[in-house]
Amino acid sequence: MNRQQIDALVKQMNVDTAKGPVDERIQQVVVRLLGDLFQAIEDLDIQPSEVWKGLEYLTDAGQANELGLLAAGLGLEHYLDLRADEADAKAGITGGTPRTIEGPLYVAGAPESVGFARMDDGSESDKVDTLIIEGTVTDTEGNIIEGAKVEVWHANSLGNYSFFDKSQSDFNLRRTILTDVNGKYVALTTMPVGYGCPPEGTTQALLNKLGRHGNRPSHVHYFVSAPGYRKLTTQFNIEGDEYLWDDFAFATRDGLVATATDVTDEAEIARR
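Numbering that gives the first Met the number 0 puts the first residue of the sequence shown at 0, with every later residue one more than the last.
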């Protein structure tokens with residue numbers, strides 16, 4: 000079939016058959032995606048057995064709750080960031096902290112405090128370094144924003160996240176901090192490590208077929224929001240990780256690399 004025939008067929012099956020209320024946006028997206036998929040089947044001579052294998056894969060990925068991980072690993076999330084960057088540039092919106100991917104591991108409802116929060120539950124205090132994260136939230140002109148909501152989350156020393164890892168306490172390494180009168184926030188936590196996709200999971204299985212690894216560098220996730228401002232989704236990656244610029248999720252960006260500084264002076268440690 001040529002594209003005109005494909006589009007006519009898709010319309011016949013998914014538009015002309017409508018007998019109830021239609022969500023026009025959903026219809027528009029489905030029709031376009033089906034047309035592109037059918038065209039790809041024509042162009043690549045994709046066989047029925049391959050179609051069913053693909054559907055089986057998507058079923059398995061859904062059952063394993065890995066579709067969000069797959070979206071990051073194939074670059075879909077990064078593409079959305081690049082597209083948003085392009086839209087900002089066209090609109091003349093510049094400055095500020097760069098955006099980057101959210102990932103699939105956010106959980107709403109983390110404990111909230113003002114100015115300072117300890118993020119960990121103490122279960123790894125004797126196993127890993129303590130990490131102190133300090134920052135100030137401002138607008139693009141440098142004006143401080145009091146009461147900005149800074150949501151922070153990261154993995155533990157095994158590369159696992161609370162809620163998804165049932166051995167951790169609820170909201171371990173997840174906090175919401177409202178900035179103080181100076182726009183500042185401080186988080187006392189543990190040093191996260193990089194991690195990889197589940198080695199026997201569906202995402203890694205596809206990456207193996209593509210000759211790709213599934214590793215991420217050590218990083219900390221953020222949502223930052225305040226009334227009257229656009230919400231920022233971002234993260235920082237920690238300098239020195241071997242996968243810093245080889246992140247399978249393409250999240251490392253200029254301006255989002257942090258250097259961890261060792262503090263050994265006892266007086267300075269006590270002050271902090």
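All residues carry an ideal CB built from backbone N, CA and C; glycine is no exception.
Item                                                                                                                              : Value
Rounded separation between Gln27 and Tyr56 - CA only                                                                              : 26 angstroms
For Gly72, the nearest candidate out of Asp253, Val262, Leu255 and Ala248 (CA to CA)                                              : Ala248
Residue from Phe163, Leu54, Gly102 and Leu8 with nearest C-alpha to Asp80                                                         : Gly102
7 angstroms CB neighbourhood of Val113 in its chain, flanking five on each side removed                                           : Leu177 and Asp179
Buried or exposed by the 16-neighbour rule on C-beta atoms within 10 Å, applied to Tyr184                                         : buried
Short Cβ contact (8 angstroms threshold) for Gly193 with Asp240                                                                   : yes
Where the beta strand (DSSP E) through Val219 begins and ends                                                                     : His218 to Ser224
Cα-Cα separation, Ala147 to Gly141                                                                                                : 14 angstroms
Complete beta strand (DSSP E) runs within the region 109-183 (minimum length 3 residues, chain order)                             : 111-113, 115-117, 129-135, 148-152 and 173-177
Residues bridged to Ile237 (per DSSP)                                                                                             : Ala257
Same chain only: Cβ atoms within 6 angstroms of Gly95, ignoring 5 sequence neighbours per side                                    : Thr139
Supposed contact pair Thr202 and Leu130 - C-beta distance, whole angstroms, cut 8 angstroms                                       : That belief does not hold up - the Cβ atoms of Leu130 and Thr202 are roughly 27 angstroms apart, past 8 angstroms.
Rounded distance between the beta-carbons of Pro191 and Val219, thought under 8 angstroms                                         : 6 angstroms
Inter-residue Cα distance where the pair is Arg117 and Ser217                                                                     : 19 angstroms
C-alpha distance - Phe235 paired with Ile5, whole-angstrom precision                                                              : 45 angstroms
Cut-off 6 angstroms between Cβ atoms - residues of its own chain near Leu75, not counting five sequence neighbours on either side : none
DSSP beta-bridge partners of Gly53                                                                                                : Bridge partners of Gly53: none, in fact.
Cβ-based neighbour list, Ser224, same chain, cut-off 6 angstroms, excluding 5 preceding and 5 following                           : Lys148 and Lys230
Under 8 angstroms between C-beta atoms of Phe163 and Pro110                                                                       : no
Start-to-end residues for the alpha helix (DSSP H) that takes in Met12                                                            : Arg2 to Asn13
Cβ shell of Gly210 (< 8 angstroms), same chain only, five flanking positions each side left out                                   : none
Contact belief for Thr232 with Arg82 at Cβ below 8 angstroms, rounded distance in angstroms                                       : Their Cβ separation, rounded to whole angstroms, is 14 angstroms, which puts Thr232 and Arg82 out of contact at 8 angstroms.
Which of helix, strand or coil DSSP assigns to Gly95                                                                              : coil
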